[in-house]
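Have a look at the structure below before the remarks.
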Amino acid sequence: QVQLQESGGGLVQAGGSLRLSCAASGRTFSNAVMGWFRQAPGKEREFVSSINWGSGSTTYADSVKGRFTISRDNAKNTVYLQMNSLKPEDTAVYYCAFRRNPGTYDHWGQGTQVTVTS
Numbered sequence: 007q008v009q010l011q012e013s014g015g016g017l018v019q020a021g022g023s024l025r026l027s028c029a030a031s032g033r034t035f036s037n038a039v040m041g042w043f044r045q046a047p048g049k050e051r052e053f054v055s056s057i058n059w060g061s062g063s064t065t066y067a068d069s070v071k072g073r074f075t076i077s078r079d080n081a082k083n084t085v086y087l088q089m090n091s092l093k094p095e096d097t098a099v100y101y102c103a104f105r106r107n108p109g110t111y112d113h114w115g116q117g118t119q120v121t122v123t124s
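Taking our numbering, I'd label the letters of the sequence shown as residues 7 to 124.
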């Protein structure tokens with residue numbers, strides 16, 4: 007079982023930055039993938055970014071490319087999402103998630119609120 011705990015959300019003005027953290031505990035795998043998703047009010051949850059624990063390969067949604075950076079610290083079992091040049095449309099609850107590779111995301115954190123004001 008894997009437990010995920012997000013932190014780092016908050017309120018920021020447009021153009022500002024935030025860094026989210028996701029600490030994983032329990033059994034993890036070197037070939038696992040950690041992802042960030044977000045859900046805005048009245049909208050579906052959407053993919054933001056992911057990183058492979060072992061290789062470090064990353065993927066991004068088009069809407070965040072060039073602004074967000076995902077990284078990991080394997081020693082701390084923690085994944086980060088550095089968010090720069092934030093826009094009001096980035097406002098959402100951000101969730102981290104875990105999946106084996108291959109597999110589907112089956113472990114989720116509780117979410118952290120990010121609010122960007124104009």
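Beta carbons: idealized from backbone N, C-alpha and C, even for Gly.
> Which residue from G60, Q11, S27 puts its Cα closest to that of N145?
Replying inline: The chain is shown from 7 up to 124; residue 145 falls before or after that span and cannot be answered.
> Using a C-beta cutoff of 9 angstroms, does S77 count as contacting chain D?
Replying inline: Annotation note: the requested chain D is absent from the structure, which comprises a single protein chain.
> Got a sec? Which residues, its chain only, sit under 7 angstroms from T97 by beta carbon, not counting five neighbours each side?
Replying inline: A46, V120, T121, V122
> Exposed or buried, which one is G72 when buried takes at least 16 other CB atoms within 10 Å?
Replying inline: exposed
>> Could you tell me the alpha carbon to alpha carbon distance between G115 and F104, rounded to whole angstroms?
In response: About 9 angstroms.
> Which whole-angstrom value is the C-beta distance of V54 and F35, which I expect to be below 8 angstroms?
Replying inline: Contact doesn't hold; Cβ gap of about 22 angstroms is too wide.
> Does DSSP put A98 in a helix, a strand or coil?
Replying inline: strand
> Distance, Cα to Cα, S69 vs K49?
Replying inline: 15 angstroms
> Can you list the beta strand (DSSP E) stretches of 3 or more residues lying completely in the stretch 55-118, in chain order?
Replying inline: 64-66, 74-79, 84-89, 98-105
> So the beta strand (DSSP E) Q7 belongs to, where does it begin and stop?
Replying inline: Note, Q7: premise wrong, no beta strand (DSSP E); not H, not E.
>> Can you tell me whether R33 is helix, strand or coil according to DSSP?
In response: coil
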